[in-house]
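One structure is given here, and the rest of the page talks about it.
Number of protein chains: 2
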Amino acid sequence: MDRALEFIEREGAGALTVRRLGAELGVDPTAFYRHFRDKDDLVLACMDRAEQWAVDALRDRLTAGDPWQDVLRAVADESWRIAGTYPAIYASAFARTTGGPGERRMVELLLTTIAGLGLDRPSTVLFYRAFADCLLSLCGANALVDQLGPEVEAKESSAWARVYAAPSAEYPATRAHVGELLSVTDRAIYDRVIEAMIQAMEAAATASG
Amino acid sequence: MDRALEFIEREGAGALTVRRLGAELGVDPTAFYRHFRDKDDLVLACMDRAEQWAVDALRDRLTAGDPWQDVLRAVADESWRIAGTYPAIYASAFARTTGGPGERRMVELLLTTIAGLGLDRPSTVLFYRAFADCLLSLCGANALVDQLGPEVEAKESSAWARVYAAPSAEYPATRAHVGELLSVTDRAIYDRVIEAMIQAMEAAATASG
DNA sequence: ACCTGAACACCGTTCAAGT
DNA sequence: ACCTGAACACCGTTCAAGT
Numbered sequence: 094m095d096r097a098l099e100f101i102e103r104e105g106a107g108a109l110t111v112r113r114l115g116a117e118l119g120v121d122p123t124a125f126y127r128h129f130r131d132k133d134d135l136v137l138a139c140m141d142r143a144e145q146w147a148v149d150a151l152r153d154r155l156t157a158g159d160p161w162q163d164v165l166r167a168v169a170d171e172s173w174r175i176a177g178t179y180p181a182i183y184a185s186a187f188a189r190t191t192g193g194p195g196e197r198r199m200v201e202l203l204l205t206t207i208a209g210l211g212l213d214r215p216s217t218v219l220f221y222r223a224f225a226d227c228l229l230s231l232c233g234a235n236a237l238v239d240q241l242g243p244e245v246e247a248k249e250s251s252a253w254a255r256v257y258a259a260p261s262a263e264y265p266a267t268r269a270h271v272g273e274l275l276s277v278t279d280r281a282i283y284d285r286v287i288e289a290m291i292q293a294m295e296a297a298a299t300a301s302g
Numbered sequence: 094m095d096r097a098l099e100f101i102e103r104e105g106a107g108a109l110t111v112r113r114l115g116a117e118l119g120v121d122p123t124a125f126y127r128h129f130r131d132k133d134d135l136v137l138a139c140m141d142r143a144e145q146w147a148v149d150a151l152r153d154r155l156t157a158g159d160p161w162q163d164v165l166r167a168v169a170d171e172s173w174r175i176a177g178t179y180p181a182i183y184a185s186a187f188a189r190t191t192g193g194p195g196e197r198r199m200v201e202l203l204l205t206t207i208a209g210l211g212l213d214r215p216s217t218v219l220f221y222r223a224f225a226d227c228l229l230s231l232c233g234a235n236a237l238v239d240q241l242g243p244e245v246e247a248k249e250s251s252a253w254a255r256v257y258a259a260p261s262a263e264y265p266a267t268r269a270h271v272g273e274l275l276s277v278t279d280r281a282i283y284d285r286v287i288e289a290m291i292q293a294m295e296a297a298a299t300a301s302g
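Note that the protein sequences, when read in sequence, are chains A and B.
Numbering of the first sequence is given in the numbering used here, commencing with residue 94 and proceeding in unit increments.
Numbering of the second sequence is given in the numbering used here, commencing with residue 94 and proceeding in unit increments.
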């Protein structure tokens, strides 16, 4: 599994196939099925390991007195980093539940942090899931595009060009914002969402406290 | 393309292959390449058509005087509906840009709505992208799981069970919220995110106006 | 202008057989 | 306990040939 992760990171893109993994390890491709039930299991195991690394990194980064907002920002930042490092894994597992130790520790960290706001239990869980699903889904969407390779990236930017070239008469708002649409970054969008979620939690905590 | 969409909706899941599409249309699979450059082009074309339907449905649903908050809620609701109807398409295209008329009209609708708050152009665009990317990514994540079929669904719930069965001593917050974690719905999470984004826009509009 | 059919270079996975 | 190798049932895509 470690070699699988290392391999994926090095070869990137669509390198994660049972056959290529076998070739990399100098072993018959079908030997894989001695160690994992199927490819899906490997992907989930890699995802869980990546989450463990994220939690470990967070433990080093955080100290007990940190405000909860900064804890959430750090989790978001670490998720972004992991998704950028292992796009192939993240792209195929971000919508899934691994049920492994990495995920359990991450759930506990987020739930502890958000429970600290003193909301009722249903609101705490709803905010936890809303926050976590935003992180995973937005990082996953970026990983999906990363993972598809340069020819798709070219296609993406030509598609945006087509959107921006829309005639002014029919699409005035689009044309009025072309400059900003072209310069906005994925990371800025991500941070905007994170801050909106934090603001919503602050508002809920104030209202209930 | 219409037949492709119809076919996908009927057969669901992993039915979208060039070969099965050929069989469905009673034609050699490779005839497909006379009409689309590759499979990716078909998927993007279907996605754009789905977006057109969404915009058409929104036109019927909305009237000129609707508050901007309700417009955004209606867009979110329509996106959820489309993603649930065509999970195969949504799952493979939600992170992509089609550059087609459906997307152009959707961009224009959202940008017009958010520009109405009177924020500066960079903030307007950042909120538009943050809102749109949340919709697409969250709906996409749900579509991905839908699309994987019942055996993966079973795996998902057994994975959750493993998370919830975490020992209380190590994972106290998780154990304290098991009931709520089990009962929260994906739609409630989605709505929580949408409301957070709307709240953030309201706060920004108030601060700037 | 459109369709066909053989072919290429891949996938994940199984199962009987080897050491 | 682990690996091998043939085989199965698929993919997307190309290209020369047909009508």
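Glycine included, C-beta positions come from ideal geometry on N, C-alpha and C.
Quantities reported herein were computed from a predicted structural model and do not represent experimental measurements.
When you compare only the Cα positions, how much space is there between residue i and residue j?
i        : j        : result
A/VAL218 : A/VAL200 : 10 Å
B/ALA252 : B/PHE125 : 40 Å
A/PRO111 : B/ASP284 : This sequence places Val at residue 111 of chain A; Pro is not what is there. About 39 Å.
A/ASP149 : A/LEU231 : 22 Å
B/GLN162 : B/LEU118 : 44 Å
A/MET140 : A/GLY233 : 12 Å
B/MET294 : B/VAL286 : 13 Å
B/ALA138 : B/ALA208 : 28 Å
A/GLY272 : B/GLU246 : 43 Å
B/GLY192 : B/LEU165 : 21 Å
B/LEU109 : B/GLU244 : 19 Å
A/LEU212 : A/MET290 : 15 Å
B/THR205 : A/PHE220 : 29 Å
B/ASP121 : B/ASP134 : 19 Å
B/ALA188 : A/ARG214 : 33 Å
A/LYS248 : B/GLU196 : 15 Å
A/LEU275 : B/GLN292 : 26 Å
A/ALA143 : B/ARG152 : 44 Å
A/ALA222 : B/LEU210 : Note on residue identity: the sequence assigns Arg, not Ala, to residue 222 of chain A. Near 29 Å, if we compare the C-alpha coordinates of B/LEU210 and A/ARG222.
B/TYR264 : A/ASP131 : 29 Å
A/VAL136 : B/ALA157 : 48 Å
B/SER250 : B/HIS270 : 17 Å
B/THR190 : A/ARG255 : 10 Å
A/THR299 : B/THR299 : 18 Å
B/GLU288 : B/THR123 : 47 Å
Residue range of the alpha helix (DSSP H) that residue i falls in?
i        : result
B/THR178 : 161-178
A/TYR221 : 214-241
A/ASP134 : 132-154
B/LEU118 : Per DSSP, B/LEU118 belongs to no alpha helix (DSSP H) and is neither H nor E.
B/ALA296 : 279-301
B/LEU203 : 194-208
B/SER261 : Per DSSP, B/SER261 belongs to no alpha helix (DSSP H) and is neither H nor E.
A/GLY272 : 271-276
Which same chain residues, not among the five before or five after residue i, have their C-beta less than 8 Å away from its C-beta?
i        : result
A/SER216 : ALA297 and SER301
B/PRO194 : ASP141 and GLN145
Please go through the same chain and pick out, in chain order, the residues whose beta-carbon is closer than 6 Å to the beta-carbon of residue i, but skip the five residues on each side of it.
i        : result
B/THR267 : ALA259
A/ALA147 : GLU171 and ILE175
A/ASP159 : none
Which residues in the same chain as residue i place their Cβ atom closer than 7 Å to its Cβ, once the five residues preceding and following it in sequence are excluded?
i        : result
A/LEU155 : VAL164 and ALA167
A/ASN235 : ALA176 and ASP279
B/ALA116 : none
Taking 8 Å as the cut-off, does the CB of residue i come closer than this to any heavy atom belonging to the ligand GTP?
i        : result
B/TRP253 : Within the structure as shown, the ligand GTP is missing, as the structure has no ligands at all.
request  = Assess, as a yes-or-no matter, whether the region 175-184 of chain B is touched by the region 227-240 of chain B under the definition of 3 or more beta carbon pairs within less than 8 Å.
outcome  = yes
key: contact_flag[the region 127-137 of chain B, the region 170-180 of chain B] where n(CB pairs < 8 Å) is 3 or more   = no
inquiry  = Three or more C-beta pairs under 8 Å: does that hold for the region 257-274 of chain A against the region 197-216 of chain A?
reply    = no
message = Using a Cβ distance threshold of 8 Å, determine whether the region 266-285 of chain A contacts the region 221-232 of chain B, with at least three qualifying pairs required.
response = yes
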